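These notes are about the structure you will find just below.
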Amino acid sequence: MAGKKVCILGSGNWGSAIAKIVGGNAAKLAHFDPRVTMWVFEANAIGMSLIKGIDEGPNGLKLISEVIGERLGIPVNVLMGANIANEVADEKFCETTIGCKDQAQGQLLKELMQTPNFRITVVQEVDTVEICGALKNVVAVGAGFCDGLGFGDNTKAAVIRLGLMEMIAFAKLFCKGPVSSATFLESCGVADLITTCYGGRNRKVADAFARTGKSIEQLEKEMLNGQKLQGPQTARELHSILRQKGMLDKFPLFMAVYRICYESQPVGEFIRCLQNHPEHL
């Protein structure tokens, strides 16, 4: 049997960090070809998306893995977790989650990517894993507002808890496959949410937004060299999807982030979505 080959598309911090891990493992594993010949199309390719975001389709929610799978005509799995790229590249211990419906493929991907300092769990709820990776960025923007307004750690904990509630509720409404609470306890869920709400760039820019009064666009230029934040864009997609379904009032935290970023709602009013948030969704 011909050796398996690996191709990584994307050379940013995250793509480079993953390439370092995969390259090291592939060189050690006998069933991966040491020489890779580039073909235009590989009929039996297996895809994996590391992109954290969602899109709006004609019938509502569209996952990035779906878009990739439709364009390439191959099965696409996902990898999401509390994985700050620079820390992964520096080989600091972290965990991550692979979403893969095919158990054999999941074990192959785990073998390819796991190291002593990059610990992988494979779950079959692909949609849930991917939803976690997208929605946590919206919650992180709210956490940044909280920091910039000086509300303190207790309030920030409420943002994280209520944000997690909305993530679970959204997944149960829109995921095509099963959604279990256990998946939200994996690295793709609560761990990634905590990391992003304390150390991610969505939090940092939202903090500066609340403190300085500068626009998101201006702060993106100043702090991210013009790169776009994922949180506000995802909030806009959520607003469109939820408006189409008549469910805007069911997700007050997500919609507060949207209105502050896109409808000029004063950031100081963010606290109201926490004070008036329903106890259960």
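Using this note's numbering, the first residue of the sequence shown is number 886, and each one after it goes up by one. All C-beta atoms, glycine included, are put in the ideal place defined by N, C-alpha and C. On a predicted model such as this, the values are computed, not experimentally measured, just so you know.
With 16 other Cβ atoms within 10 Å as the buried cut-off, status of residue i
i, result
"P1117", "buried"
"Q1129", "exposed"
"H1124", "buried"
"F1003", "buried"
"H1162", "buried"
"Y1143", "buried"
"F978", "exposed"
"T1097", "exposed"
"E1122", "buried"
"G888", "exposed"
"G1027", "buried"
Cβ-Cβ distance between residue i and residue j below 7 Å
i, j, result
"G1018", "K1113", "no"
"T982", "E1051", "no"
"L1133", "L1047", "no"
"D1092", "G1035", "no"
"E1217", "P1063", "Since the displayed the chain opens at 886 and closes at 1166, residue 1217 lies outside it and no answer follows."
"G984", "V952", "no"
"I906", "G900", "no"
"N1087", "A970", "no"
"C1073", "M965", "yes"
"I932", "V961", "Sequence inspection shows Gly at residue 932; the Ile mentioned does not correspond to that position. Yes, these two residues count as a Cβ contact at 7 Å."
"V1023", "C1031", "no"
"E941", "I1126", "yes"
N- and C-terminal bounds of the beta strand (DSSP E) containing residue i
i, result
"V961", "961–965"
"K947", "945–948"
"S1066", "It is not in any beta strand (DSSP E) - S1066 instead sits in the alpha helix (DSSP H) that spans 1066–1069."
"E1164", "Taken as a continuous stretch (DSSP letters only), E1164 belongs to no beta strand (DSSP E), as it is neither H nor E."
"G942", "939–942"
Beta-bridge pairing of residue i - partner residues as DSSP gives them
i, result
"G909", "Its beta-bridge partners do not exist; DSSP assigns none."
"M1224", "Here the chain covers residues 886 to 1166 and nothing more, so residue 1224 does not appear."
"F917", "K889"
Test: residue i CB closer than 7 Å to a CB of chain D
i, result
"G900", "Going by chain labels, chain D is absent from the structure shown, which holds only one protein chain."
Range covered by the alpha helix (DSSP H) that runs through residue i
i, result
"K1057", "1038–1059"
"K1089", "1086–1097"
"L1104", "1101–1109"
Task: Contained alpha helix (DSSP H) runs [length at least 4] in the stretch 971–1024, N- to C-terminal order - done: 988–998
Task: Any alpha helix (DSSP H) of 4 or more consecutive residues that is wholly inside the stretch 1111–1154 - done: 1115–1130, 1137–1147
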